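**Student:**
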Amino acid sequence: MQLRKVLTLIIMSFMISSCSLPKQELDDEGLGQQEQAMKTLKGIYAYEYNAIEPKHLDEVNKWLSESRANRSDTTIFYKSYDESSTGAHAPRVNYMFAKGYKAYEISFVYSIDNEENKGQIYIVPIKGRATDEALVKITYDPRYVFGTSVAEHQLIP
């Protein structure tokens, strides 16, 4: 009787372990689907807070000083560099500085209906305190991105 209980427990545990879900399938490089998607998107666009390319340092710092000193109602400032003269597939570099905002939501949207087979980067500044400032550097490959678009964050009632 005791042996029957032990065998039943062993068989039950074997059945349960063999019915468990398989691990996430891995692609050729050993990365899961989510990791592969992040790797692919990094080749299309990337962003970094409070970062300035060394070759843009002087010009961007001057632009930041002018933006901070600006007393108009404009609170979002944008600076763009087209690096196409340095190579056929050179990335574009954009800087966005916002007063009264604390961060950005940045996303890449692609539609298969787009005739150019390119997507767009959407940038949504997130409101903060009046004293908050947010600087972000956005780099993208113009072979896959046709531009950027900035929109205010709207709360839907």
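Position in the sequence shown (from 1) plus 922 gives the number in the numbering used here.
For glycine and all other residues, C-beta sits at the position ideal for the given N, C-alpha and C.
Values in this document were obtained by computation on a predicted structure and should not be read as measured data.
Could you check if residue 1058 is buried or exposed, using at least 16 other CB atoms within 10 Å of its CB as the buried criterion?
**Tutor:** Looking at its Cβ environment, which holds 16 or more other Cβ atoms inside 10 Å, residue 1058 is buried.
**Student:** For a test of the three-state rule: what should DSSP assign to residue 974, helix, strand or coil?
**Tutor:** Three-state result, residue 974: coil.
**Student:** For residue 1001, which option in 989, 976 and 995 has the closest C-alpha, if you only look at C-alpha atoms?
**Tutor:** Cα-wise, what sits closest to residue 1001 is 989.
**Student:** Express the C-alpha separation of residue 1048 and residue 1038 in angstroms, rounding to a whole number.
**Tutor:** Going by the C-alpha atoms only, they are around 30 Å apart.
**Student:** Work out the CA separation of residue 983 and residue 1026 for me, nearest whole Å.
**Tutor:** If I take the Cα positions, the gap works out to 20 Å.
**Student:** Would you check if there are 3 or more beta carbon pairs closer than 8 Å linking the stretch 975-982 to the stretch 1049-1056?
**Tutor:** Verdict: no, contact absent.
**Student:** Leaving out five residues before and five after residue 971 in sequence, what residues of the same chain have Cβ atoms less than 6 Å from its Cβ?
**Tutor:** Here the set comprises 1058.
**Student:** Using the Cα positions of residue 998 and residue 957, report the straight-line distance between them to the nearest angstrom.
**Tutor:** Approximately 33 Å between the Cα atoms of the pair.
**Student:** Look up residue 1034 in the DSSP assignment and say whether it is helix, strand or coil.
**Tutor:** It is coil, neither helix nor strand.
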